[in-house]
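Quick notes on the structure that follows.
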Amino acid sequence: MNEVIIQTEQLSKRYGAQLALNQLNLSVQRGEIFGYLGPNGAGKTTTIRILLDLIRPSQGKATIFGLNSQADSVALHHRIGFMPGELNLWPNQLGRNIVRYMASVRGNVDMRYVGELVERLQLDLNKRMRDYSTGNKRKLGLILALMHKPDLLILDEPTSGLDPLMQQIFNELMRECREAGRTVFLSSHLLSEVQAICDRVGILRGGELKAVETVSKLTHADFRWVTIEFRDRPMLSNLGTIAGVQDLTVNDHTVKLRLFGDFDPLLRAVSDQYVVNLKINEPTLEEIFLAFYGEQRQLV
Amino acid sequence: MAVLIETLRRHWRGALMWSLGLTFYSVYTVMFIPDLAGLQALLEVFESFPTGLLQVFGFTDISTLATPEGFLGINMVYTLVLLSVYAVFAGLSLTANEEDSGVMDMVLALPLHRYQVIVEKFIAYTLLLVVIGLACGIGTIIGDQLNPNVTFDPINLLIGNLNVIPSAMLIVAFTGFIGTLVRRRNTAAAIAGLFIAFSFLADNFARGVDHPVAQTVRTFSFFRYADLGNVLLTGVVISSLLVLLIATAVLVGSAVFLFQRRDIAV
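Protein chains in written order, with the working numbering: chain A, 411 to 710; chain B, 13 to 278.
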C-alpha cells in the first residue's frame, strides 16, 4: 500500500474568473479504493478530466504511476479504465460494436473476460446505444472501464442509475480489483456509496480538498437526523440528557434531534409514549465534515 | 489505424448511398447531353437570360455550353456542390460531433493521441471521397455509352470526376478546422455552409467582372482552383490542384495544432 499511484501537486484549474480547482494536493496509494467525495460542482469531475488529460491544469501537475498525466497520457491510458459520470457514446452503434472498437484501440483485451463481465452485469450487447436505459448505460460504461483489467480505475459517479442488485455486483467488482492489487479512484456525492467500498475518502468542496481520512475514521463522526412525531405532546424532561443527542428542537408534537451513536438509549427514552412516525435522515457531507472537524472550522 | 478502420466501417454504407446517388446523377447528366445542334439551341436559350442570374447559378462562361465537354464541366460544378454536403458532414465528424455530444471524453480516454483522431478520420473520409469520385466517373462513362450524341475519352471522364475530390477534401478540412475552433457542431456546420456559398458566388461573380477587388476575393474561393467547368476542355491545372492540396494540409495541420493544445469541451 506504499506505492503512490496518483499524485497531484498544487493542481489548479481556472475557467475565466471561476476557480474550479484550487491547489489540490492529493495522493492515492496502490491497491486502495479511494472515494472522492463532494457535492455537485465541487471540482470532482474537473480533477478526473485533468488526470485523463482531457483538460489542462492552469497550475500544478498530476502524475500517475510516476508519469506526467499530460505528457505521457497515451501510455497512461493503456493502464487506466475510465467511466464518466454520464456515458455518452455513438447513439446508433450496437453495444457489441462499441465494445469491439474500444477493445481494438486498446489491444490485448481478453474477450472471454469481457464476456464474463457482460454475463455478470446482465447486459444485452445487441442493442443500440440510444436504446439503453440509464442503468444499462452504466453497465456498458463499467464493462468498457474494466475490459482491459486496468491498473487504475477512474470512475465518475459510478453507481448512479444502478439498481441495488447491480450496485452489489459493482461493489464486488471493486473489491476484486482491490484484491488484485489494482487501484480505484471513484468520485461520488453519496456517502453511503463511499462507505460501502472505499478505504479512504477525500472530501472536496468549492474546488478545495478539505480532508482526506480513512472511511472508518470519518464514519466514526457519523450521526443522523432523527424526527419523531408523537400522538400526544411529548414529555421530554430526559430526552436532552441522553447520550449522543444534540440539537434538540420541539415543535408541537414533533421532536427533531441529532443523534450520534446507537439508537437504543433514544428508543428506550421514548418507549413509554405513543410514536406516530419516526424519520431518520442521513447527514449531508457538510454536516459530517463539520461534525468531524468541529463547528469552528467553517466551510468555504 | 483503429480509428481509420472504424471510421470506414461506420461510414461505408453512407458513402455507398452517396456513390449510388451521384452515379445516377452522372449517368443522367451525360445520357441527356444533346447533339451539337441541341447544345447550340440551349446556348441561345441561356444567352437570353440576364447575366447576373446566370452568374448566380454558375453559368459565367456560357459559350462552353456549346460543347459536350463544357456542358458536362458545368454539371461537374453541381457534382461538387452536392458532394460539399457530404464533405461538411465528414468534416463535422472529425471532432465537432463527438465533442458536442460528449463522446470525445470516452474517445480520448483511450490510448490515442489527439492527432490520430483527426488525421486517421481525415484519411478515412478521403478514401470514401475517392470511392464516390470514382463512382461519379463510372456514372459518366455509363452515360457516355448510353448517349449516341457524345463520345468522351473514359480516362478523361475519370480524371475529370476525380478532380472534384481535392475540393471536397478542402471542405472536409475546413469544416474540421472550424469544428476544432468553435467546438460546436451546428456553429461549425453554419460557418462551413457560408464558406461554400461564399466560394461559389465569389468565383462565379468574379469570373464575369474584371475588377481587382473581385479577383482578390476570388482568390479565397476554392471553386477558382477546382476549375471544374474547364477540366474536360483544358485538363487538370496542376498549380490549382497544388493550391487545394496545400490549403487542405494547412487546415488539417491547424486543426491538429488547435486540438492538441486545448481543453476538450464538456
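A virtual CB, placed ideally from N, CA and C, is assigned to each residue, including glycine. Predicted, not measured: the structure shown is a model, and the values here were computed from it.
- Using a CB distance cut-off of 8 Å, A:Glu582 does not count as an interface residue toward chain B.
- Residue pairing by DSSP places A:Gly612 opposite A:Tyr446 and A:Val622 in a beta bridge.
- Neighbours of A:Met512 in chain B, taken as residues whose beta carbon is under 7 Å from its own, are Leu122 in chain order.
- The continuous alpha helix (DSSP H) containing A:Lys547 extends over residues Thr544 to Leu556.
- A:Glu567: not part of any alpha helix (DSSP H); DSSP gives it neither H nor E.
- Taking a C-beta distance under 8 Å as the contact criterion, A:Thr418 and A:Leu436 qualify as a contact pair.
- Chain B places a beta carbon closer than 8 Å to that of A:Phe492, counting this residue as a contact.
- For A:Glu567, no Cβ of chain B is located within less than 8 Å of the residue's own Cβ.
- For a Cβ distance threshold of 7 Å, residue set Asp275 of chain B lies close to A:Arg466, ordered along the chain.
- Pairwise C-beta distances place the segment 244–255 of chain B out of contact with the segment 214–228 of chain B, as fewer than three of them are shorter than 8 Å.
- When Cβ-Cβ separations below 8 Å define contact, B:Val115 makes contact with chain A.
- In this structure, B:Tyr237 is the residue among B:Trp24, B:Tyr237 and B:Thr199 with its C-alpha nearest to the C-alpha of B:Ala214.
- If you check the CB distance, A:Gly470 and A:Gln420 come in under 8 Å.
- Taking C-beta atoms as the reference points, A:Leu531 and A:Met576 count as a pair closer than 8 Å.
- Excluding residues up to 5 positions away in sequence, Phe189 lie with their Cβ nearer than 6 Å to the Cβ of B:Ser266 in the same chain.
- Boundaries for A:Glu413: no alpha helix (DSSP H) harbours it, and the DSSP string shows neither H nor E there.
- Not a single CB atom of chain A sits nearer than 8 Å to the CB of B:Glu111.
- Assigned with DSSP and collapsed to three states, B:Tyr137 falls in helix.
- CA-CA distance, B:Asn161 to B:Asp47, rounds to 5 Å.
- Burial is judged here by how many other beta carbons sit within 10 angstroms of a residue's own beta carbon; B:Ile144 has at least 16 and is buried.
- Bounds of any beta strand (DSSP E) do not take in B:Thr199; it lies within the alpha helix (DSSP H) bounded by Arg197 to Arg219.
- Straight-line spacing of the CA atoms in A:Asp463 and A:Phe595 works out to 16 Å.
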